[in-house]
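First comes the structure, then the notes that go with it.
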Amino acid sequence: MTNNPTITELSHEDRTFPPPEEFAANANATAEEYDKAAADRIGYWEEQAKRITWDTPFDTVLDWSDKPNAQWYVGGKLNAAYNCVDRHVENGLGDRVAYYFEGESGDTRTITYSDLLREVSKAANALTELGVKTGDRVAIYMPMIPETVFAMLACARLGAPHTVIFGGFSASAIADRVKDCGVEFVITSDGGYRKGKPSGLKSVVDEAMVDCPEVRNVLVVRRTGQDVDWKEGRDLWWHDVVDRQSETHTPEAFDSEHPLYIMYSSGTTGKPKGILHTTGGYLVGTSFTHWTVFDIKPESDVYWTAADIGWVTGHSYIVYGPLANATTSVLYEGTPDTPHRGRWWEIVEKYKVSILYCAPTAIRSFMKWGRDIPAKFDLSSLRLLGSVGEPINPEAWMWYREHIGGGRCPVVDTWWQTENGSILISPLPGVTSTKPGSAMRPLPGIVADVFDDEGRSVEPGNGGYLVIKEPWPSMLRTLWGDEERFEKTYWSQYPEVYFAGDGAKIDRDGDFWVLGRVDDVLNVSGHRMSTAEIESALVAHPKVAEAAVVGARDEMTGQAIEAFVILRESAADGGDDVVSELRSHVRSSIGPIATPRSIMLVPDLPKTRSGKIMRRLLKDVAENREVGDVTTLADSSVMDLIQKGIAES
Ligand code: WT7
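For the sequence shown, this note's numbering puts the final residue at 678, and the numbers step up evenly by one.
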């Protein structure tokens, strides 16, 4: 941390969008939620736990005596899979669709809650036959297909925590995770479809298994039909083992604090952190937020989180939250531009999707491709739009609202982290007047703040570090096998307060603006500025599709602003003129202090597989250093392209 705690406020947003009257009149959440939670926070969380069916009621809502290790709903017992599946069938909803599955190559499957119960029961029986026991960790490395959900819920049903590894990760990433949490059982598929081609998954697992002799079985779903190597005794086909199982399985109730899953989060540096979520609090947090933030009407909505199940967004808002609320969801296997750039909008039209949740990186790609593409489809079923994963630039927010939401859908910018388990800061769509680019307010029951270096709340209009001052039900419980790192990473900056690692600002109205990772904040002549604000100013220019800003060493000013810009496809590649035009645009829209020292036009930006810009690598380029570790990049050739472009210019 530096000694200068304030982040200079560069811009103020005056555009506000009140909730449409009709939306507000029918909304799940009303403004009273905030008052109720403020008056009695613990009572509020006790109330929210009624969304879940408990086998044994809890006796204490929160035990926070062993800080920072919180326990929620102490003494309660439940089964997560029962809550996501069985109880809905018992309540007469067996014929409701749980998932409309859309494969990338156009194959489809419709899975009702009765289907889900049957498939999950068979999978749980199969895992039991293969010796998976309560407490065993199971790794899942799969494409976005229904069996991925069956496998996760089968694990939950048995109390065997799953660790889902994103299907784009390498063999060494699999081996690291498998070893870190002592996995002996892996579920994968022969492959999946990506950008129109079958990609291999089993082959990557095979490579990882060379380093993981303790894995006794690899259960393989047939998806693509491609050839795979086979290790007798270890490898088993899903259809050989699961298909012949009994269709009934009695779920056992587990302690509220029983581990539900481990999700590895790579972070920008260091070895991945095994973030542990437990059962009761996580289910309460995901079903509560899915109900209030997405205003879900399970009997009529078609809900779509366009993210991968391999990330926490998929865990919480494709699987656990929506299923706990008996929702009908879309599950889409592929990429947004296969076989064409209108694929998402075709899916919205086909299934009459009413709620869409996605990441700013996707929205910026759609902006780059142009508004004519979504305009060709009927998007009138949409009634609510969500964003997650990064600060959303105000211009991207406006574009999303206009060109996807037809100007009528509330936009909810939701801030949370893998560690949080569920959304913590977001507008309530029937209550909050939103501002483009702001996540607005902590949800009812969440106590968030922005601190300076000394742990004092900053005054409105100022920036500092985002913190959560009270525990919440879906918080991480520890880092798997590394309690020390858990305490150091999140609880050592301020006593008894959760440190999120994000810079944030509270504006004059008291609304929150998340400015990105603390490591990304830059300092020019003693002014701490957020990369997000300067990037947003660039993206607001009609010729710019995406921008990344870093602080590079500068003898005079400490750091100087270096910008990397992707032009929109409609803007011809325009050399020096565009660059000076953009520099003066930033100067006039936010001020001379924010003017980039240089702007480089690039064909692409380095991003992680979850779509976050890796500014660290751009900083290496800007400071003329050898580019650091690129193994977590979605496309490692991007850095070569950028460097080549710079060498030629
Ligand atoms: C980090 C967490 C939680 C689901 C996906 C990401 C950034 C996330 C927002 C937002 C500004 C955001 C933060 C956070 N982030 N949502 N709405 N506005 N920043 O999970 O990979 O654990 O990343 O993503 O920097 O700390 P994750």
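Positions of the beta carbon are idealized from the N, C-alpha and C atoms, including for glycine.
Q: Would you check whether ligand 1 has a heavy atom nearer than 7 Å to the C-beta of residue 351?
A: Counting from one through the sequence shown, the residue named residue 351 turns up at place 322. Every heavy atom of ligand 1 is 7 Å or more from the Cβ of residue 351, so no.
Q) For the stretch 504 to 592, which segments carrying the alpha helix (DSSP H) assignment without a break, of at least 4 residues, lie completely within its bounds, in sequence order? A) 512 to 520 and 560 to 568
**Q.** Which listed residue (411, 659 and 294) has its alpha carbon closest to that of residue 515
**A.** Within the sequence shown, numbered from 1, the residue matching residue 515 stands at position 486. Out of 411, 659 and 294, 294 has the C-alpha closest to the C-alpha of residue 515.
Q: Output the distance between the C-alpha atoms of residue 114 and residue 327, rounded to the nearest integer angstrom.
A: Locating residue 114 in the sequence shown gives position 85, counting from the first residue. Locating residue 327 in the sequence shown gives position 298, counting from the first residue. Cα to Cα, the separation comes out at about 14 Å.
(Q) Run through the DSSP bridge pairs and tell me what residue 478 is partnered with. (A) Position 449 of the sequence shown, counting from 1, holds the residue named residue 478. Answer by DSSP bridge pairing, in chain order: 496.
Q.
Restricting to Cα atoms, I'd like to know which of 525, 384 and 241 is closest to residue 206.
A. Translated into the one-based positions of the sequence shown, residue 206 becomes position 177. Here the closest residue by C-alpha is 241.
**Q.** Buried versus exposed, by CB contacts within 10 Å (16 or more), residue 415
**A.** Here residue 415 corresponds to residue number 386 of the sequence shown, with the count starting at 1. By the neighbour-count rule (16 or more Cβ atoms within 10 Å), residue 415 is buried.
Q. Expressed to the nearest angstrom, what Euclidean distance is found between the alpha-carbon atoms of residue 608 and residue 629?
A. For the purposes of this step, residue 608 is taken as the residue at position 579 of the sequence shown. For the purposes of this step, residue 629 is taken as the residue at position 600 of the sequence shown. Using only the alpha carbons, I get a separation of about 8 Å.
Q. Counting along the chain, where does the alpha helix (DSSP H) carrying residue 380 start and finish?
A. The residue you call residue 380 lines up with position 351 of the sequence shown. Per DSSP, residue 380 belongs to the alpha helix (DSSP H) from 372 to 380.
Q: Count the other CB atoms, across all protein chains shown, that sit within 10 Å of the CB of residue 135; report buried if there are 16 or more and exposed otherwise.
A: If you number the sequence shown from 1, residue 135 lands on position 106. By the 10 Å Cβ count, residue 135 comes out exposed.
**Q.** N- and C-terminal bounds of the alpha helix (DSSP H) containing residue 310
**A.** On the sequence shown, position 281 is the one that residue 310 refers to. That run of the alpha helix (DSSP H) goes 308 to 322.
Q: Return yes when the Cβ of residue 80 is within less than 8 Å of the Cβ of residue 316, no when it is not.
A: Working through the sequence shown from its first residue, we reach residue 316 at position 287. Working through the sequence shown from its first residue, we reach residue 80 at position 51. A contact, by the Cβ cut-off of 8 Å.
Q: Give a yes or no on whether the minimum CB-CB distance between residue 84 and chain B is below 8 Å.
A: Of the protein chains in this structure there is only one, and it is not chain B.
**Q.** Identity of the residue in 146, 128, 147 and 150 nearest residue 140 by Cα
**A.** Walking along the sequence shown from the start, residue 140 turns up at place 111. Of the candidates 146, 128, 147 and 150, the one whose C-alpha sits nearest the C-alpha of residue 140 is 128.
Q. Do residue 82 and residue 107 come within 8 Å of each other at the CB atom, strictly closer than that value?
A. Taking the sequence shown and counting its residues from 1, the one referred to as residue 107 is at position 78. Taking the sequence shown and counting its residues from 1, the one referred to as residue 82 is at position 53. Against a cut-off of 8 Å, the Cβ pair of residue 82 and residue 107 comes out as a contact.
Q.
For ligand 1, is there any heavy atom lying closer than 7 Å to the beta carbon of residue 529?
A. Within the sequence shown, numbered from 1, the residue matching residue 529 stands at position 500. It does: the Cβ of residue 529 is within 7 Å (strictly closer) of some heavy atom of ligand 1.
Q) CB residue 376 to CB residue 131, shorter than 8 Å? A) On the sequence shown, position 347 is the one that residue 376 refers to. On the sequence shown, position 102 is the one that residue 131 refers to. Yes, the pair counts as a contact, with Cβ atoms nearer than the cut-off.
Q: Within the same chain, show all residues whose beta-carbon is closer than 8 Å to that of residue 32, passing over the 5 residues directly before and after it, in chain order.
A: Reading the sequence shown from its first residue, position 3 is the one you call residue 32. Because residue 32 sits at a pLDDT of 37, beneath the cut-off of 50, its placement in the model cannot be relied upon, and the point is left open.
Q | Same chain, Cβ closer than 7 Å to residue 367, neighbours up to 5 away in sequence not counted | A | Along the sequence shown, one-based indexing puts residue 367 at 338. Excluding positions up to five away in sequence, the list reads 133, 224 and 225.
**Q.** Contiguous beta strand (DSSP E) assignments of at least 3 residues, all confined to the stretch 256 to 301
**A.** As far as the stretch 256 to 301 is concerned, its whole beta strand (DSSP E) runs of at least 3 residues are 264 to 266 and 288 to 294.
Q: Using 10 angstroms around the beta-carbon of residue 191, count the other beta-carbons present and answer buried if the total reaches 16, otherwise exposed.
A: Position 162 of the sequence shown holds residue 191. With 16 or more other Cβ atoms within 10 Å, it is buried.
Q: Note down, in chain order, each residue of its chain lying with its Cβ closer than 6 Å to the Cβ of residue 523, except the 5 sequence neighbours on either side.
A: Residue numbering aside, residue 523 sits at position 494 when the sequence shown is read from its first letter. Hits under 6 Å: 484.
Q. Apart from the five residues on each side of it in sequence, which residues of its chain come closer than 6 Å, Cβ to Cβ, to residue 448?
A. The sequence position of residue 448 within the sequence shown is 419, counting from 1. The answer, listed in chain order, is 304 and 505.
Q: Would you decide whether residue 244 is buried or exposed? Buried here means 16 or more other CB atoms lie within 10 Å of its CB.
A: Walking along the sequence shown from the start, residue 244 turns up at place 215. So residue 244 ends up on the buried side.
Q. Can you tell which of 542, 162 and 349 has its C-alpha closest to the C-alpha of residue 561?
A. To locate residue 561, count along the sequence shown from 1; it is residue 532. When only C-alpha atoms are compared, the closest one is 542.
Q: Quick one: give me the first and last residue of the alpha helix (DSSP H) that residue 218 is part of.
A: Position 189 of the sequence shown, counting from 1, holds the residue named residue 218. Where residue 218 is concerned, there is no enclosing alpha helix (DSSP H), although the beta strand (DSSP E) it sits in stretches over 214 to 218.
Q) Going along the chain, which unbroken runs of the alpha helix (DSSP H) with 4 or more residues stay wholly within the stretch 385 to 454? A) 389 to 398, 401 to 404 and 423 to 428
Q. Quick one: does the C-beta of residue 418 sit closer than 7 Å to a heavy atom of ligand 1?
A. The residue you call residue 418 lines up with position 389 of the sequence shown. Yes.
Q. With which residues is residue 627 paired in a DSSP beta bridge?
A. Here residue 627 refers to the residue found at position 598 of the sequence shown. Note: residue 627 sits in a beta bridge opposite 591.
**Q.** Near ligand 1: residue 720 beta-carbon under 7 Å from a heavy atom
**A.** Because the chain spans 30 through 678 in this model, residue 720 falls outside it and cannot be assessed.
Q) On the three-state DSSP scale, how would you describe residue 65? A) As a position in the sequence shown, residue 65 is number 36, starting the count at 1. Residue state, collapsed to three classes: helix.
Q: Note down, in chain order, each residue of its chain lying with its Cβ closer than 6 Å to the Cβ of residue 430, except the 5 sequence neighbours on either side.
A: Reading the sequence shown from its first residue, position 401 is the one you call residue 430. The residues are 440.
Q) Does the distance from the CB of residue 443 to the CB of residue 640 come in under 8 Å? A) Stepping through the sequence shown from its first residue, residue 443 is reached at position 414. Stepping through the sequence shown from its first residue, residue 640 is reached at position 611. Cβ atoms of residue 443 and residue 640: not closer than 8 Å.
Q: Can you tell me which of the three DSSP states residue 333 falls into?
A: Looking up residue 333 in the sequence shown gives position 304. Residue 333 falls in the strand class under three-state DSSP.
Q: Let me know the beta strand (DSSP E) ranges lying completely inside the stretch 173 to 219, each 3 residues or longer, listed in chain order.
A: 191 to 193 and 214 to 218
**Q.** Span separating the alpha-carbon of residue 590 from that of residue 487
**A.** The residue labelled residue 590 in the question sits at position 561 within the sequence shown. The residue labelled residue 487 in the question sits at position 458 within the sequence shown. Whole-angstrom Cα-Cα distance: 25 Å.
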